[in-house]
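**Q** 19 is the number of the first residue of the sequence shown in my numbering; add one for each residue after it.
Quick reminder that beta carbons are idealized off the backbone N, C-alpha and C, glycines included.
Here the structure is a predicted model, which means the values were calculated and not measured.
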Amino acid sequence: MATAVAVTNLTRAFGDFIAVDRVTFDVPEGQIFGFLGPNGAGKTTVIRMLTGLLAPTSGSGRVAGLDVATQAEAIKRRIGYMSQLFSMYGDLTVEENIALFAGLYGVTGARFRTRRDWVLDMAHLESHRGQLTGDLPLGWKQRLALGCAMLHEPPILFLDEPTSGVDPLSRRSFWELIDAESARGTTVFVSTHYMEEAEYCQRLALMNRGRLIALDRPAALRDQMTDPILELSTENGPAAVRALTGVPGVIEASLFGREVHLVVEDEPAARRTLPALLAERGLACRSLARVRPSLEDVFVALVRREGGAVAG
């Protein structure tokens with residue numbers, strides 16, 4: 019399988035601050051490649067280097083066979099890019115935004131009309147083509163931004179937290195579009211901080227403090243976590259987390275929806291001692307059962323192992 023993106027020891031410094039520290043990975047053509055990490059992990063900086071918007075300090079990277087350090091302008095013509103911030107012009111109509119981006123990408127004539135109609139249909143905006151983009155709901159804006167990034171049918175698509183702030187139904191619809199585009203052979207490079215979205219990716223790179231801390235398929239990442247995880251059901255999850263944090267034998271206590279996930283050293287010992295400890299703190303243990311690690315469990319454990327996320 020050919021390689022769409024190849025990165026070796028890619029580094030970016032801003033003065034004395036190392037935002038991206040010797041990152042190495044590759045992305046095969048047609049793959050949905052997920053970039054996961056907390057705020058400040060370096061995800062957006064990597065994407066900006068790969069899309070030709072920021073020069074690397076050192077290391078190397080190739081996108082669609084082009085060098086990120088010397089062929090940035092050529093890369094921009096070969097990719098689609100949807101930035102973390104909404105990139106459409108709010109004072110232009112939907113159709114005017116499509117026409118603007120088509121002009122930037124050199125999509126003209128009959129091809130423009132075909133691609134414009136495709137965007138309007140894909141984004142469900144046929145009846146809103148004359149509406150000001152700034153007046154659209156956020157989910158519609160994001161679909162329009164995705165359509166404009168794909169107007170010129172690029173072989174590689176970069177999406178930087180594309181569903182941030184979008185409701186769950188819109189996020190599901192957005193990922194259906196990503197799946198369909200990948201099935202047509204487009205390489206999709208997507209950053210996200212939503213764990214459920216990370217499950218849709220064929221491979222995941224986990225970033226923290228500018229470094230790549232894990233790279234594998236989602237299922238393989240879960241399988242690498244061998245410490246037992248117990249799911250605690252109690253009436254006050256936040257209080258239970260506070261009560262169990264730092265207790266001997268409890269490696270990690272964190273909220274998981276309404277439940278509490280406990281990474282423990284010894285499962286039988288935890289089952290014996292933790293319900294009584296909670297009772298001493300006035301908290302009832304409704305149930306305590308071992309569960310399979312989720313990506314969120316893996317993510318929390320790996321970030322903790324690497325010194326925690328950047329504060330702030």
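Report the rounded CA-to-CA distance for Asp197 versus Pro293, giving the unit in angstroms.
**A** Computed Cα separation, rounded: 44 Å.
**Q** My understanding is that Glu314 touches Asn226, with C-beta atoms under 8 Å, so please give their C-beta distance in whole angstroms.
**A** Not quite, the Cβ-Cβ distance comes to about 14 Å (not below 8 Å), so this is no contact.
**Q** Helix, strand or coil: which one does DSSP assign to Arg202?
**A** The answer is coil: DSSP assigns Arg202 none of H, G, I, E or B.
**Q** Determine whether the beta carbon atoms of Val112 and Arg161 lie at a separation below 7 Å.
**A** no
**Q** Ignoring anything shorter than 3 residues or poking outside the segment 98 to 186, list the beta strand (DSSP E) runs there in chain order.
**A** Correct list: 174 to 178.
**Q** Distance, Cα to Cα, Glu253 vs Val259?
**A** Roughly 12 Å between the two C-alpha positions.
**Q** Report yes if the C-beta distance between Tyr99 and Leu169 is below 7 Å; otherwise report no.
**A** no
**Q** So what does Ile65 bridge to, in DSSP terms?
**A** None; Ile65 has no bridge partner.
**Q** Could you pull the start and end residues of the alpha helix (DSSP H) that Val321 belongs to?
**A** Val321 -> alpha helix (DSSP H) spans 313 to 323.
**Q** For Gly300, tell me which candidate among Glu277, His279, Leu262 has the shortest Cα-Cα distance.
**A** The shortest C-alpha separation from Gly300 is found at Leu262.
**Q** Report yes if the CB atom of Ala82 is closer than 7 Å to the CB atom of Arg66, and no otherwise.
**A** no
**Q** What's the call for Phe35, buried or exposed, on a 16-neighbour Cβ count within 10 Å?
**A** Taking all protein chains in view, the Cβ of Phe35 is surrounded by fewer than 16 other Cβ atoms within 10 Å, so the residue is classified as exposed.
**Q** Count the C-beta pairs between the segment 50 to 57 and the segment 202 to 215 that are closer than 8 Å, then say yes if the count reaches three, no if not.
**A** Contact between the segment 50 to 57 and the segment 202 to 215 is present: three or more C-beta pairs spanning the two stretches fall below 8 Å.
**Q** For a test of the three-state rule: what should DSSP assign to Met243, helix, strand or coil?
**A** coil
**Q** Restricting to Cα atoms, I'd like to know which of Ala232, Val321, Ile231, Ala237 is closest to Glu214.
**A** Ala237
**Q** If you follow the beta strand (DSSP E) that Pro56 is part of, which residue opens it and which one closes it?
**A** Looking at the DSSP string, Pro56 is not in any beta strand (DSSP E), and its letter there is neither H nor E.
**Q** Tell me whether Arg276 sits in a helix, a strand or coil according to DSSP, three-state version.
**A** In the structure shown, Arg276 adopts coil according to DSSP, grouped into three states.
**Q** Are the CB atoms of Gly165 and Ala141 within a distance shorter than 7 Å?
**A** The beta carbons of Ala141 and Gly165 sit closer together than 7 Å.
**Q** For the alpha helix (DSSP H) that contains Gly255, what are its first and last residues?
**A** That run of the alpha helix (DSSP H) goes 255 to 262.
**Q** Inspect the CB distances between the segment 182 to 198 and the segment 20 to 28 and report whether three or more fall short of 8 Å.
**A** Too few Cβ pairs lie closer than 8 Å, so no.
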